[in-house]
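In the working numbering, the protein residues as written are 1298 to 1711. Right, one structure below, let's go through it.
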């Protein structure tokens, strides 16, 4: 009961953070979530995909470095039988160069539960989406939702790398946009279970809302972001599961931000944002820390096709559910390693360019400086950890052209 009350308290606080995505992220990683009412009756072939090469040279004991070389491809057919109803179906494929076998189902650590169920050549999933404009400015999405970078979550809550490596999110999503608020709430169903399955059911609930103090097109725009990520693992019909313990983790953030439109052709805009973050292990005892908090502030400078980014992170006993582990207090590979009070300064330079006709490309370089802090292990007790500088760099090509195949009009009642 106490866990439920804790969750209700967090949810009530959040009902009252999306960061302003740099134009680089919007161009390369996001997808339009609006229904085009003029496409009523049209059948389209949509080719969405990305070729990428990302190298993470991570130092220290929080996470090991690795490289992601590969591509994902998502061809779909879409049809709008009504002005406010859109259907889309296809497949999603992921391939890493040099790999020939993949877990059968969902990426983002759930895959390890699937054991010997593998696919050859590609990681392949079906793709299906139904989108309905149910009311003015309100869309309901069933099936594969508009996820990943479309949620506009801040980095301590959601690693931008997921746009390259994880499956399309699937479940239920509600999008609501008006002059006072941008609202995005969703359930991503990550692991479905049948009777006597050996793994647990898993799903993530998310909320990403921005309350606007004034018009975003004003010279100075002020907004208040609120974000929530909660992952639950459990299930009642899996008596043979390896771990029956129910697990629920929550990350939350709330803050204030401002965007300054300079009206300059070189330095086009400046965005500054600060947020307070909260972590809680609401059920289960899988993680060594029960609750924690953090403070994140960042500034983005959009110059022509470049974005310069700088951020400062300070936390206490914070564990990120889907963020970059460099923002966390526990190690992803070293048992019983805890950094109670991590601090980090990060910088990034990124570049993107629209090539036209649904093609764009970009590159980036990150530097993460985990500042000196105390750490502790079960074997060595507490000791002073020196600062660790990690770097990450990558390049990608996004393809998302669409081609009109046919126009079929059945009528329109919506």
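Glycine included, C-beta positions come from ideal geometry on N, C-alpha and C. Bear in mind the structure is a predicted one, so any value in this text is a computation, not a measurement.
Item	Value
Extent of the continuous beta strand (DSSP E) run through residue 1459	Careful: residue 1459 lies outside any beta strand (DSSP E), inside the alpha helix (DSSP H) at 1459 to 1462.
The region 1491 to 1510 in contact with the region 1349 to 1356 per 3-pair CB rule at 8 Å	no
Anticipated Cβ contact below 8 Å, residue 1429 with residue 1382, distance rounded	5 Å
Under 8 Å between C-beta atoms of residue 1658 and residue 1693	yes
Collapsed DSSP secondary structure at residue 1397 in the structure displayed	coil
Residue burial classification, residue 1483 (beta-carbon count within 10 angstroms, cutoff 16)	buried
In chain order, each beta strand (DSSP E) run of at least 3 residues that lies wholly inside the region 1537 to 1582	1544 to 1558, 1564 to 1580
Option in 1463, 1553, 1384, 1388 with minimal Cα separation from residue 1427	1384
Which of helix, strand or coil DSSP assigns to residue 1315	Any answer about residue 1315 is weak, because its pLDDT of 35 lies below 50 and its placement is not dependable; what the coordinates show is given next. Residue 1315 falls in the strand class under three-state DSSP.
Paired residues, beta bridge with residue 1366 - DSSP	1350
Among 1642, 1696, 1635, nearest to residue 1679 - alpha-carbon criterion	1635
Residue 1623 (DSSP reduced to helix, strand or coil)	helix
Beta-bridge partners of residue 1644, as assigned by DSSP	1607, 1664
Limits of the beta strand (DSSP E) - the one that residue 1596 falls within	1588 to 1600
Rounded straight-line distance, which links the Cα of residue 1471 to that of residue 1417	35 Å
Helix, strand or coil at residue 1447 [DSSP, three-state]	helix
Close Cβ partners of residue 1325 (< 7 Å) along its chain, the five nearest in sequence each way excluded	1649, 1657, 1659, 1693, 1695
Coarse secondary structure for residue 1355, derived from DSSP in three states	coil
Straight-line gap, residue 1573 to residue 1617 (C-alpha atoms, nearest Å)	13 Å
Residue 1509: first and last residue of the uninterrupted beta strand (DSSP E) it sits in	1498 to 1509
Neighbourhood of residue 1704 by C-beta distance below 8 Å, restricted to the same chain and skipping five residues each side	1338, 1339, 1340
DSSP-derived helix/strand/coil call for residue 1584	coil
Other residues of its chain near residue 1514: CB distance less than 7 Å, five sequence neighbours each side excluded	none
Per DSSP, cross-strand counterpart(s) of residue 1689	1353, 1663
Check whether residue 1623 and residue 1684 have beta carbons under 8 Å apart	no
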